[in-house]
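Below is one structure, written out as structure tokens, with a few remarks after it.
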Amino acid sequence: SCSRAKDVTMPAKLPVNFFSTRSPVIDLFRGQLDYADQLRQDSEIVLYFFYAPWCGQSIAAREEIEHVASRLSDQVLFVAVNCWWNQGKCRKQKHFFYFPVIHLYHRSFGPIEYKGPMSAVYIEKFVRRVMTPLLYISSRSKLLDFLSNYEPGVVGFFEFNASPQPPGYLTFFTSALHSLKKDYLGTIRFGVVTDKRVAEEISLVHSGSVYLHRHANTSLIYPKDIMNFTAENICKWALENREMLIRWLRPHGGKSLLLNNELKKGPALLIFIPFNPLAEIHPLLDEITKVALEYHKCNKSQAAEPDLQQVGDSDSPAFDSSVTDAHLKFSETFPIAKYPCCNTVVLPQWHSISRTHNVCELCVNQTLGVKPNKVHVPHCNFLEIEAALDSFYLQEHTFFQVISNTIECSNFLSFYSPFSYYTACCRTVNRHFLSFISSEKTIFQTPKVAFSSHGKKDKTQFSIPHIEDRNCFIPDLNISSMNITGLSCRTNKTLNLYLLDSNLFWIYAERLGASRSTHLKEFAAIVDLKEEVHYVLDQNQSLVGPTLENFIKNFSVLYSPLKRHLVDDPSVHFHEEHMVTEVTTNTFHQTVFLSAKNVLLLYYAQWCGFCASLNHIFIQLARLLPHESFTVAR
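Once you know that position 324 of the sequence shown is 324 in full-length UniProt numbering, the rest is easy, because the numbers rise by one and skip nothing.
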């Protein structure tokens, strides 16, 4: 009987050096993981570069790693390990799903995996953060520099009187390494203060205290009485309570939900700037950070709606003379301006004949009626305006039907309290007039018909009014004079702010509408996923603070004057003489909507096979249809 021949397999070729023999990187190309662990015992900082010799990303990252090693080899040990050879220990013990993988060790602490861009400047920045996870703050000026940074800062106060170090210092040091392990972007910076006088600047009195600085919200001190003082707890506390005014986005290039998850949160302002993480100063980033800080500074936002008792007080932090003047002028034309707590309500119903909307300014009136005591409310209480809206809904039909020639105001009793009254001043506006901002006129200044709030009752379809930011209806607080301070809390169109490095991710900017020919890689766009629109900042304008402020303010108003950006194909040319007219983004409105003829329009895509087979039928149809009454387009 014939026995079956055995399978013959060719053994894998022996691996060869991946890095040059002259390279400062130690190349363990046979996957000697045990030897790599021995090398780690003798070094304070070690970087492991796990690679597969066939992997394109590993080959591309090799040069970047060599560049970093040439700069830091006197302080950091660089070890490359082939984790693909089947006889090597690395392949047998490690199970990576992708290559290359970078692990860092700070003495016995690790591994800290680096997941950022495979670019030399970013890798070097991260290695330096692992080398010195704590920044020594020696003076008041250095403390101010540390706290003024856009990234969250955690400061520990430790008096170095005891030897070798004060209690809790090693725990704090380890917590800084933990934060790098959990947050590879390194968004939280850790600093240490040893001078008691410097520590008192941030209210730290006792050695071992930890302080988390926040710009827009109240800064925090670590609650030792509630949480144990461990490295994991400090890191967790800092990550949970940090303030992210502006976030870096760094897509890794593979399949990812990073952008999708962020854009789902709401409208996003994406800012592309060239960024060098190793640079000492970043003037453009500082300017963007300043805008972000003002935008989120909600505790100062009452400057736009000054309280009556603060108007004459120049020492008040909410006092702003220019805004106050505007507000006082406004009160002459629109009587409800003297109430500090107001909301604009756009009634959703249409007047079927005149095609108009009713817009009401609803205010909590603290001057009408009898009150047991005068209560000073410096801020607009959300519960109060919610109660006002509830009472407004019950009488919504009153504010819907009848038209008159003047703005009229109506006071009505609170649904909840016999001591509270509300004031509603309403006006009817035409649909076409809602783009009032671009014509530099406002609703309450234009001589359109107004309607009385004391209308006759009628059976109308009830629906919930739409609440918007009140400032867009105030004549003297239009876009040019609108204060960006605290704007994120004064509008229903709050933006999340994101930064992307244009040196790495310019392809995203081009997809959003950035010019391919531009030499200066600066770009900003607002993407609103829910409304399926996005807006592009004019690239002829320089990307500076005032430009960004105006871009944000133009988006934030109720009827934005920003022009929606649509993707266009510049390679397609418009030819009148063809049987089938080619329609692009720029010609669509003119060809389809403004045409005096009937238009038959085909939507197609380059990859659509059926569309290609339909072309000759469509051309034949164009010949049959009368040209004087039909336009055939695609």
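Positions of the beta carbon are idealized from the N, C-alpha and C atoms, including for glycine.
- Message: Taking 8 Å as the limit between beta carbons, can you name the residues of its chain near LYS290, skipping five residues before and five after?
- Response: GLY545
- Query: So with Cβ pairs under 7 Å, would you call ASP538 a contact of chain B?
  - Reply: No chain B is part of this structure, which consists of one protein chain only.
- Message: Can you look up SER629 in the DSSP assignment and give me helix, strand or coil?
- Response: coil
- State the DSSP-derived secondary structure class of LEU362, mapped to helix, strand or coil. strand
- Message: Going by DSSP, what residue range makes up the beta strand (DSSP E) through PRO111?
- Response: 109 to 114
- Could you pull out every unbroken alpha helix (DSSP H) segment of at least 4 residues lying fully inside the region 526 to 568, listed in chain order? 545 to 556
- Query: Which term fits CYS608, buried or exposed, when burial requires 16 or more other beta carbons within 10 angstroms of its beta carbon?
  - Reply: exposed
- Are the region 61 to 81 and the region 14 to 24 touching, with three or more C-beta to C-beta distances below 8 Å? yes
- Identify the continuous alpha helix (DSSP H) that holds ASN241 and give its terminal residues. 231 to 241
- DSSP three-state call for ARG91: helix, strand or coil? helix
- Distance, ILE281 Cα to SER20 Cα: 35 Å
- Message: Check this for me: beta carbons of PHE551 and LEU537, under 7 Å apart or not?
- Response: yes
- Item | Beta-carbon spacing of SER556, LYS493 below 7 Å | yes
- Near LEU77, what residues of its chain come up, given a Cβ to Cβ distance below 6 Å and the 5 sequence neighbours on each side ignored? SER43 and VAL46
- Task: On the DSSP bridge assignment, give the partners of HIS103 in chain order.
- Result: TYR48 and GLU113
- Got a sec, what are the start and stop residues for the alpha helix (DSSP H) ARG197 sits in? 196 to 200
- Inter-residue Cα distance where the pair is PHE99 and LEU362: 60 Å
- Compute the distance between the beta-carbons of CYS341 and VAL359, then report whether it is under 7 Å. no
- Task: Determine the direct distance from the alpha carbon of VAL130 to that of ARG189, and round the result to whole angstroms.
- Result: 11 Å
- Option nearest TYR51 by Cα separation, candidates ARG40, GLN32 and LEU220: GLN32
- Message: Could you tell me the alpha carbon to alpha carbon distance between LEU594 and MET579, rounded to whole angstroms?
- Response: 19 Å
- Could you give the distance in angstroms between the alpha-carbon of PRO274 and the alpha-carbon of PRO251? 16 Å
- Message: Measuring only the C-alpha atoms, how far is TYR559 from ILE65?
- Response: 51 Å
- Item | Cβ-Cβ distance between TYR114 and ARG40 below 7 Å | no
- Message: Let's test the definition: count the other Cβ atoms within 10 Å of the Cβ of ARG490 and tell me whether it reaches 16, buried, or not, exposed.
- Response: buried
- Task: Measuring alpha carbon to alpha carbon, tell me which of LEU270, ALA231 and PRO117 ends up nearest LEU495.
- Result: LEU270
- Task: Could you give the DSSP three-state label for ILE246: helix, strand or coil?
- Result: coil
- Anyone know if the C-beta pair for LEU14 and PHE109 falls short of 7 Å? no
- Message: Nearest by alpha-carbon distance to ARG242: which of TYR211, LEU257 and PHE272 is it?
- Response: TYR211
- Message: Does SER502 pass the burial test, meaning 16 or more other C-beta atoms within 10 Å, or should it be called exposed?
- Response: buried
- Message: On a Cα-Cα basis, can you pick out the residue from ALA524, ILE137 and VAL533 that is closest to VAL193?
- Response: ILE137
- Provide the residue(s) that pair with ARG189 in DSSP beta bridges, ordered along the chain. GLY153
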